[in-house]
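S.K.:
In this note's numbering, the protein residues as written are 893 to 1350.
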């Protein structure tokens, strides 16, 4: 996996330069891992590399824009109008193995994993056993798990009838030519990393939400168990978050303002963006708003799903043509700062995950109570019954334009329906099981590693 390894080498070189070491690590050798470990000597060193991982999560191919936009435009929530040529192929389900977007996302996510593995593999002596060091290592395990889960959801064959997952890179330069793990094995390794994170971290050292916390780990585990169907475990993790008293649902007049900037108590984990590291014109603001880009546009069907009086409807606005509907209220701050944090895990998601797990566990009454907390907070009508359809509908409205809809439909075996004539894929739907639902493995990766297998149809 030469492309991934080149990125690992670049990160290793940056670390070595940071600590004043030599540059004899441009190519991996048997001693490389040991040499990197000797360059990481303190808790402060670990912390610096962890901050680098969070920074890399904000790259354009990852949470800085692309996976959120892909999860939106590849659904019945949105389409690409081709205004600047961005996300056109994504909305058409027409990528191939040389397409730029899947390649960028692949590399950006594995860069994050590289940082986490530097931390996990580091040996810093007695200082490494302190609660502070263990907490940072726990953060690394959690972020590594989340990164692999995101790769699996986009590149794995979960929805296409195959068995292949993604290469789980579990150590710095641990394998020069890894093959793809099975879907089942990938899920298992994600779960193991999350369990390890949970065991290492301490509530007293939480610094969230712009860093992973014990609550962030639990929230990620509710998402993980939503995909793997371990409802009792999901319920336990959700109740840990809920009973903490640390979080609230955004509501009423404060709903829109909770998406401005960051650090709201409705957020469990988010990626920080400051004026010094903002994505500039390449971020979510410019892809959603009335700009020279403005490629990702809401469907009329999504807009019509909101009642009048639902404060979430106020987040949308129409262009002068009266038909083009924009998401204006999430990621609303434009230039010159573009400094709205990107919300990765919100309290509302945990509540919705919890409601779904309760329903699947036969606790329909409790599921209804949890489900109705969401519309009640925003001035919308509550539900008379907890059903999967009602939960999916509320997820659609609450989490719109945050990248969830594509996976919510597919994990329930649903087709991607054409609900608006401006959606650009062929036919009236992309059927569950279609090979185009999985991204291609980038061709450069295939060419560099004979052990990695391409997805069907590419």
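Don't be surprised by glycine CBs; every beta carbon is placed ideally from N, CA and C.
Owing to the predicted nature of the structure, the values given are computational and were not obtained by experimental measurement.
Mark residue 1323 as exposed unless 16 or more other C-beta atoms lie within 10 angstroms of its C-beta, in which case mark it buried.
M.R.: Exposed.
S.K.: Figure out for me which residue from 1192, 939, 1279 and 1331 has the closest Cα to the Cα of residue 1024.
M.R.: For the residues 1192, 939, 1279 and 1331, the minimum Cα distance to residue 1024 belongs to 939.
S.K.: Consult DSSP for residue 1322 and reduce its assignment to one of helix, strand or coil.
M.R.: Of the three classes helix, strand and coil, the one that applies to residue 1322 here is strand, per DSSP.
S.K.: Just tell me which of 1188, 1299, 1260 and 1329 has its CA closest to the CA of residue 961.
M.R.: Checking every option, the nearest Cα to that of residue 961 belongs to 1188.
S.K.: In the DSSP assignment, what are the bridge partners of residue 1162?
M.R.: Its beta-bridge partners are 1235.
S.K.: Return the chain-ordered list of same chain residues with a C-beta closer than 7 Å to the C-beta of residue 1311, the five sequence neighbours on each side being excluded.
M.R.: Closer than 7 Å at Cβ, skipping near neighbours: 968, 1191 and 1193.
S.K.: Taking the alpha helix (DSSP H) that residue 970 falls in, what are its first and last residues?
M.R.: No alpha helix (DSSP H) contains residue 970, which is instead part of the beta strand (DSSP E) from 970 to 972.
S.K.: Taking Cβ to Cβ, would you say residue 1118 is nearer than 8 Å to residue 1199?
M.R.: No.
S.K.: Is the distance from the Cβ of residue 1160 to the Cβ of residue 1238 below 8 Å?
M.R.: Closer than 8 Å, so yes.
S.K.: How should residue 1172 be labelled, buried or exposed, when 16 other C-beta atoms within 10 angstroms of its C-beta is the threshold for buried?
M.R.: Counting Cβ neighbours within 10 Å, residue 1172 comes out exposed, since fewer than 16 surround it.
S.K.: What residues in its chain sit with their C-beta under 7 Å from that of residue 988, if we drop five residues either side in the sequence?
M.R.: 1332 and 1350.
S.K.: Can you name, in chain order, every residue of its own chain whose Cβ lies under 7 Å from the Cβ of residue 1250, other than the five neighbours on each side?
M.R.: Cβ within range, chain order: 1127, 1258, 1259 and 1262.
S.K.: Which runs of the beta strand (DSSP E) spanning at least 3 residues fall entirely within the stretch 1220 to 1286, listed in chain order?
M.R.: List check, beta strand (DSSP E) in window: 1234 to 1238.
S.K.: Look at residue 1034 and residue 1112 and say whether their C-beta atoms are less than 8 Å apart.
M.R.: Going by C-beta atoms, residue 1034 is nearer than 8 Å to residue 1112.
S.K.: Can you tell me the Cβ-Cβ gap for residue 956 and residue 950, rounded? I've got them flagged as a contact below 8 Å.
M.R.: Going by Cβ atoms, the distance from residue 956 to residue 950 rounds to 5 Å, so yes, they are a contact pair.
S.K.: Is it a yes or a no for the stretch 1168 to 1183 touching the stretch 1261 to 1276, going by three-plus beta-carbon pairs under 8 Å?
M.R.: No, the stretch 1168 to 1183 does not touch the stretch 1261 to 1276.
S.K.: Where residue 1038 and residue 1082 are concerned, what is the direct C-alpha to C-alpha distance, given to the nearest angstrom?
M.R.: Those two C-alpha atoms are separated by around 8 Å.
S.K.: According to DSSP, is residue 1185 helix, strand or coil?
M.R.: Coil.
S.K.: With DSSP as the reference, identify every bridge partner of residue 876, one or two as the case may be.
M.R.: A query on residue 876 cannot be resolved here, the shown segment of the chain reaching from 893 to 1350 and no further.
S.K.: So, is residue 1228 buried or exposed, given that buried needs 16 or more other C-beta atoms within 10 angstroms?
M.R.: Exposed is the call here.
S.K.: Note down the Cα distance separating residue 982 from residue 1016, rounded to an integer number of angstroms.
M.R.: Cα to Cα, the separation comes out at about 44 Å.
S.K.: Apply the 10 Å Cβ neighbour rule to residue 1101 and answer buried if 16 or more other Cβ atoms are within range, or exposed otherwise.
M.R.: So residue 1101 ends up on the buried side.
S.K.: Give me whichever residues DSSP pairs with residue 1208 in a beta bridge.
M.R.: Paired residues: 1219.
S.K.: State buried or exposed for residue 1058, treating a residue as buried only when at least 16 other CB atoms are found within 10 Å of its CB.
M.R.: When all chains shown are included, residue 1058 counts as buried.
S.K.: Within the continuous alpha helix (DSSP H) that includes residue 1081, where are the two ends?
M.R.: Its alpha helix (DSSP H) spans residues 1075 to 1092.
S.K.: Give the straight-line distance between the Cα atoms of residue 1110 and residue 1074, rounded to the nearest whole angstrom.
M.R.: About 25 Å.
S.K.: If you draw a straight line from the C-alpha of residue 1204 to the C-alpha of residue 1307, how long is it?
M.R.: For residue 1204 and residue 1307, the distance between alpha carbons rounds to 26 Å.
S.K.: Could you give the DSSP three-state label for residue 1344: helix, strand or coil?
M.R.: Three-state result, residue 1344: coil.
S.K.: Starting from residue 994 and walking both ways along the alpha helix (DSSP H), at which residues does that stretch end?
M.R.: Here the alpha helix (DSSP H) through residue 994 covers 992 to 1013.
S.K.: What does a CB cutoff of less than 7 Å around residue 1001 pick up in its chain, not counting 5 residues either side in sequence?
M.R.: Around residue 1001: 954, 1039, 1042 and 1043.
S.K.: Is it true that the CB of residue 1004 sits closer than 8 Å to the CB of residue 948?
M.R.: It is a contact, given that the beta carbons lie within the stated cut-off.
S.K.: What first and last residue would you give for the alpha helix (DSSP H) that runs through residue 1133?
M.R.: First-last of the alpha helix (DSSP H) with residue 1133: 1123 to 1135.
S.K.: Can you name, in chain order, every residue of its own chain whose Cβ lies under 6 Å from the Cβ of residue 1278, other than the five neighbours on each side?
M.R.: Excluding positions up to five away in sequence, the list reads 1251, 1256, 1259, 1260 and 1263.
S.K.: Just how far apart, CA to CA, sit residue 1275 and residue 1282?
M.R.: Rounded to the nearest angstrom, the two C-alpha atoms are 8 Å apart.
S.K.: Leaving out the 5 sequence neighbours to the left and right, which residues in its chain are closer than 8 Å to residue 1210 when beta-carbon positions are compared?
M.R.: Excluding residues within five positions, the ones whose Cβ falls inside 8 Å are 1216, 1217 and 1218.
S.K.: What are the boundary residues of the alpha helix (DSSP H) that residue 942 is part of?
M.R.: It spans 935 to 949 - the alpha helix (DSSP H) in which residue 942 sits, taken as one unbroken run.
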